[in-house]
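Before any comments, here is the structure.
In my numbering, the protein residues as written are 1 to 304.
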């Protein structure tokens, strides 16, 4: 990896590892829907001018049906359920549970009629990943937050389904345009939702919450996507997917060091099993390098 690639990799690992910390801070005072609105709205304001300048908005809007489906499963639903779950779960646990996205991706491939041939190592990865989740849910969380766990399951499925939609119906669309339009659409959807459900804050949030929303929008969404584009261009889409295994570690460290969250033995065991499972289930036999479109699209899914 080049020096530039290493810097981009480290920066993206941090940008996609810290959202759970800042979501945890934001939902301490704001309704989850308001957190999503603030994050998506500000990020869209930052990315839309760039997308318009590059003339990437019109091609995306013309493909509005898959674009709408992608926005729903990748942002509108997952961001809300993630924020809601973090009202009950530690931020580090939420980040770790999302490491199971590659496991869900296998099931999504089967459901969409595009099953991949799994090797013995892939099947071992599935088994290890499920054991890791069992260790976290059954022994670490101890069944006290099953609603939050169910919400995280929705997030995991959404994050696995989003890249599949991109790869199948929108792999030829420009990335910045896709993300900018999806963020703008999310903000538009959440404005009436927040107003009708009473999610608008009745008092001005604290400085910590305001900073959290700004960081979520600027660093964890807008900047993170641009870093991802640069990283894929520098080291390729296949190597860039290794970032998936860095984010949970960053989430755990951030939760422990900043919020003083507890790390149990089962957290460590679950962490090791989930990451090992995710690595093995995505490992492929050596084969000729495929076109970068679908693989690059799958790297775009980590907007959390």
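From the three backbone atoms N, C-alpha and C, an ideal C-beta is built for every residue, glycine too.
Since this is a predicted model, take the numbers as computed values, not measurements.
Given a threshold of 16 other Cβ atoms within 10 Å of its Cβ, counted over all protein chains shown, does residue i qualify as buried or as exposed?
i	result
residue 212	buried
residue 2	exposed
residue 61	exposed
residue 272	exposed
residue 232	buried
residue 24	buried
residue 96	buried
residue 296	Low local confidence applies: a pLDDT of 41 at residue 296 is under 50, so the model's placement there is unreliable, and no value is given.
residue 260	exposed
residue 18	buried
residue 243	buried
residue 198	exposed
residue 165	buried
Would you identify the three-state DSSP class for residue i, choosing helix, strand or coil?
i	result
residue 71	helix
residue 92	helix
residue 174	coil
residue 87	coil
residue 64	helix
residue 100	helix
residue 36	helix
residue 132	helix
residue 369	Outside the shown range of the chain, which is 1 to 304, sits residue 369, and nothing can be said about it.
residue 112	coil
Using only the alpha-carbon positions, how far apart do residue i and residue j sit?
i	j	result
residue 150	residue 78	12 Å
residue 42	residue 135	37 Å
residue 113	residue 59	27 Å
residue 183	residue 203	26 Å
residue 99	residue 106	13 Å
residue 285	residue 34	Bear in mind that a pLDDT of 49 at residue 285, under 50, signals an unreliable position, so the number given afterwards is only what the model happens to contain. About 44 Å.
residue 111	residue 156	15 Å
residue 207	residue 21	15 Å
residue 117	residue 124	14 Å
residue 6	residue 94	26 Å
residue 281	residue 168	21 Å
residue 48	residue 265	44 Å
residue 52	residue 221	18 Å
residue 230	residue 11	11 Å
residue 247	residue 177	25 Å
residue 119	residue 126	11 Å
Could you give the C-beta distance for residue i and residue j, rounded to a whole number, given that I count them as a contact under 8 Å?
i	j	result
residue 223	residue 8	Residue 223 to residue 8, Cβ: 11 Å. No contact.
residue 181	residue 67	6 Å
residue 250	residue 72	Rounded, the Cβ-Cβ distance is 27 Å, inconsistent with contact.
residue 255	residue 84	With 8 Å as the limit, residue 255 and residue 84 do not qualify as a contact, their Cβ atoms being about 18 Å apart.
residue 103	residue 277	6 Å
Within 9 Å of any Cβ in chain B, is that where the Cβ of residue i sits?
i	result
residue 5	Annotation note: the requested chain B is absent from the structure, which comprises a single protein chain.
Looking at the ligand FAD, does it come within less than 8 Å of residue i, judged from the CB to the closest heavy atom?
i	result
residue 109	No copy of the ligand FAD occurs in the structure displayed, which carries no ligand at all.
List in chain order: all unbroken alpha helix (DSSP H) runs of 4+ residues lying wholly within the segment 240-274.
-> For the segment 240-274, whole alpha helix (DSSP H) runs of length 4 or above, ordered along the chain, are 247-259.
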